[in-house]
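Input: a single structure, listed below in structure tokens.
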Amino acid sequence: MESLVLKSHRFRAEREADWKKLEALLDRFERGRGSQLTDDEVVSIPVLYRSALSSLSAARAVSLDQNLISYLESLCTRAYFCVYGTRSTFLERITRFFRKDWPTAVRDLWRETIVSALFGLLGAFTAFFLVRSGAQWFYAFMPRELSEGRDPSASAKDLRDVLFDNKHGAEGLTFFSSFLFTHNAEIALLAFALGFACCLPSAFLVFYNGLTLGALYAVYFDRGLGVELGGWLFIHGVTELFAITLAGAAGFKIGWALAFPGKMERLDGMIKAGREAGLVMVGVVIMLGVAGLLEGFARQLINDTIVRYSIAALTALGWGAYFYLYRPAR
Amino acid sequence: MSLSDPMLEKRVRELVTPEGVDLRVVLADASERFGAFALDIVFIVVALIVLSIAAFLMAMATGGTGVEFIATIWILGFFALRVFYFTFFEMQPRAATPGKRIMGLRVAKRDGSALTADAIFVRNAMRELEIFLPLTFLFVGGEAVDGWIALFALLWCGVFAFFPLFNRDRLRIGDIVAGTWVVHVPKRVLAGDLAAQPPSLAFTREALDAYGIRELSVLEDVLRQKDPQTMEAVARRIRHKIGSQDGLRDVEFLQAYYTALRGRLEQRMLFGKRKRDKHDKS
Chain A
67 MESLVLKSHR FRAEREADWK KLEALLDRFE RGRGSQLTDD EVVSIPVLYR
117 SALSSLSAAR AVSLDQNLIS YLESLCTRAY FCVYGTRSTF LERITRFFRK
167 DWPTAVRDLW RETIVSALFG LLGAFTAFFL VRSGAQWFYA FMPRELSEGR
217 DPSASAKDLR DVLFDNKHGA EGLTFFSSFL FTHNAEIALL AFALGFACCL
267 PSAFLVFYNG LTLGALYAVY FDRGLGVELG GWLFIHGVTE LFAITLAGAA
317 GFKIGWALAF PGKMERLDGM IKAGREAGLV MVGVVIMLGV AGLLEGFARQ
367 LINDTIVRYS IAALTALGWG AYFYLYRPAR
Chain B
4 MSLSDPMLEK RVRELVTPEG VDLRVVLADA SERFGAFALD IVFIVVALIV
54 LSIAAFLMAM ATGGTGVEFI ATIWILGFFA LRVFYFTFFE MQPRAATPGK
104 RIMGLRVAKR DGSALTADAI FVRNAMRELE IFLPLTFLFV GGEAVDGWIA
154 LFALLWCGVF AFFPLFNRDR LRIGDIVAGT WVVHVPKRVL AGDLAAQPPS
204 LAFTREALDA YGIRELSVLE DVLRQKDPQT MEAVARRIRH KIGSQDGLRD
254 VEFLQAYYTA LRGRLEQRML FGKRKRDKHD KS
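Here is the structure:
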């Protein structure tokens, strides 16, 4: 009554060799030796993948062998991720990031960037006027460990020394700059991640960053050292403050998509916002690396206010032109 | 782990390839996600300890002159581990950190498109909010801020940390923002075909209609596990149900019945009838 050997067994016997071949190729690909596959092998993966897929559909219709079906499902899923995975190499990806993705993403974020910058400025002005009206305000804005003796009770000479004294010497600079970089990068990541909570914590963080800046500036301004402090701050600060403003802006973008999804579904809106904001954040980490180098090396080695200002202007022009003037083909 | 398991069935999601075949991916559950994360943390801590010991030995070897350089390497290494450990490994072809690999998991886009470097960066940048921020409040909370404020901050952060437990797809905040999820991609071994030989025993039509597909897959599991006690018990029940008086050994009997039953059910399936289980009368 039944044919002697099952049809599903014959089905399997005929195709098994191809599956094993695909499995062996995937094993090598996943072990990260993709570059060692020969051209013929690379070309054969999609072909074998499609035949495995049609085996899977057929097996679901003709076979009741659970092991066979789950094997084919796992094989096809692995092959699917291989075939439809990212195809560009790491280097291509990096090039595209600098040539197109990063400046485009930053430019698209201009509204949020303005808002974020306004929060930072608001913080700076608030602290500036409050500290000038009463010195005790300074201690409310500035954590003691950050001020390092740069407070209203310090003499003008002490304050001046901080700006121009290389107390770290050339020796401590690499450590100092790497410390600054990691510290600032963590703050920027936080400003971004906090955006998820409907923008408010990001706004606060940017505002607070402005407060410390404004408080410090007020102290120096009162001793007639405002211009000198500007050079000391902006040589790296243009890059660093811009980066933190962008991190806040990226946080706003996500928080806004969550709070006011508009016509999109909330989840889809988040994904779209997350993709763009993520690109900006990769760039922010890079900018903070640059800022850390400027702060650790350039500021400690260059003690002339005019040179400091010209470097600051140069970085401002550079970033501005790169983000807002340079128009890559979309 | 058979696909007829109802707990597993709840975690199966549709993933239709451009060729139009549904791959039926299985999502990772919360315990597997947590296990993978715990493993990764262990690896990071071990790497940090090794890094510190190496830095210390180097400092000793240079007699203190290279301390600054070594400290720089250490602090950059710490930062790289914290921020790029997950990102680096998830950008590899397997799209999984070592912890996820051990648990048989990988990251994938929810819409089935290619996983991009941006998505991986975003889903891991969000860890800052989910893991490191609550940890900060947990450890420094006591001294720096008022205890109550720290407690409320911790609770607020906890909402993010435990987010995966409150949705069906076990998404973290990072997954939501990046449009990813974490799926099971276990490597399965193709075991031998149990129906390679024709059945050594003939069964009546009634005997083969006694069971359906669910029982067949249970029988397959029994035959593959080869536990003598289970096989004896199962063989006794089947013999009783179909009234067989054969003199075969349990294994041979089950093997023969499996092959015959599968042949019968597959034949009916070709004619468009899937007999789900023994209660499915048709």
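Line order of the protein sequences matches chains A and B. To convert, note that position 263 of the first sequence is 329 in our numbering; the numbers rise steadily by one, no gaps. To convert, note that position 253 of the second sequence is 256 in our numbering; the numbers rise steadily by one, no gaps. Beta carbons: idealized from backbone N, C-alpha and C, even for Gly.
- Per DSSP, the beta bridge partners of Ala-111(B) are Trp-184(B).
- If the five residues before and after Val-15(B) are omitted, its C-beta is found closer than 6 angstroms to the C-beta atoms of Arg-27, Val-29, all from its own chain and listed in chain order.
- Residue-level contact by beta carbon fails for Ile-310(A) and chain B, as no gap is shorter than 7 angstroms.
- One Cα belongs to Gly-189(A), the other to Phe-207(A), and the distance between them is close to 10 angstroms.
- It is roughly 41 angstroms from the alpha-carbon of Ala-222(A) to the alpha-carbon of Thr-65(B).
- Under the three-state reduction of DSSP output, Arg-16(B) falls in the strand class.
- Neighbourhood of Gln-202(A) in chain B, by CB distance below 8 angstroms: empty, with the nearest CB roughly 21 angstroms away.
- Interface residue (Cβ-Cβ distance to chain A less than 7 angstroms): Asp-196(B) is classified as such.
- Distance from Leu-175(A) to Val-348(A) at the Cβ level is roughly 13 angstroms; contact not present, criterion being Cβ atoms closer than 8 angstroms.
- The alpha helix (DSSP H) runs of length 4 or more contained entirely in the segment 135–201 of chain A are, from start to end of the chain, 156–162, 168–174, 176–199.
- The continuous stretches of alpha helix (DSSP H) do not include Leu-30(B), which lies in the beta strand (DSSP E) extending over residues 28–30.
- When Cβ-Cβ separations below 7 angstroms define contact, Val-48(B) makes no contact with chain A.
- If you compare the alpha carbons of Arg-227(B), Gly-275(B), Thr-207(B) with that of Ile-245(B), the shortest gap goes to Thr-207(B).
- Annotation: Cβ neighbours of Cys-142(A) in chain B (cutoff 9 angstroms, chain order): Thr-20, Val-24, Leu-26.
- Taken through DSSP and simplified to helix, strand or coil, Asp-25(B) comes out as strand.
- In this structure His-187(B) is buried. Its beta-carbon is surrounded by 16 or more other beta-carbon atoms within 10 angstroms.
- Interface annotation, Asp-121(B): in contact with chain A, CB-CB separation under 7 angstroms.
- Counting along the chain, Leu-312(A) sits inside the alpha helix (DSSP H) bounded by residues 292–325.
- Per DSSP, Thr-207(B) lies in no alpha helix (DSSP H) segment and is marked neither H nor E.
- Between the alpha carbons of Leu-391(A) and Arg-109(B) lies a gap of roughly 40 angstroms.
- The beta carbon of Gly-102(B) sits no closer than 7 angstroms to any beta carbon of chain A.
- The continuous alpha helix (DSSP H) containing Asn-127(B) extends over residues 120–128.
- In the structure shown, Gln-95(B) falls within a coil segment according to DSSP collapsed to helix, strand and coil.
- Judged by pairs of C-beta atoms under 8 angstroms, the segment 189–204 of chain A does not touch the segment 315–325 of chain A, as fewer than three such pairs exist.
- Sorting Leu-134(A), Ala-125(A), Ile-310(A), Phe-230(A) by C-alpha distance to the C-alpha of Val-350(A) places Ile-310(A) at the top.
- Excluding sequence positions up to five before and after Leu-211(B), its CB lies within less than 7 angstroms of the CB of Ala-263, Leu-264, Arg-267, all in the same chain and listed in chain order.
- Selection Arg-242(B), Asp-253(B), Glu-269(B), Gln-258(B) evaluated against Gly-215(B) yields Glu-269(B) as nearest (Cα-Cα).
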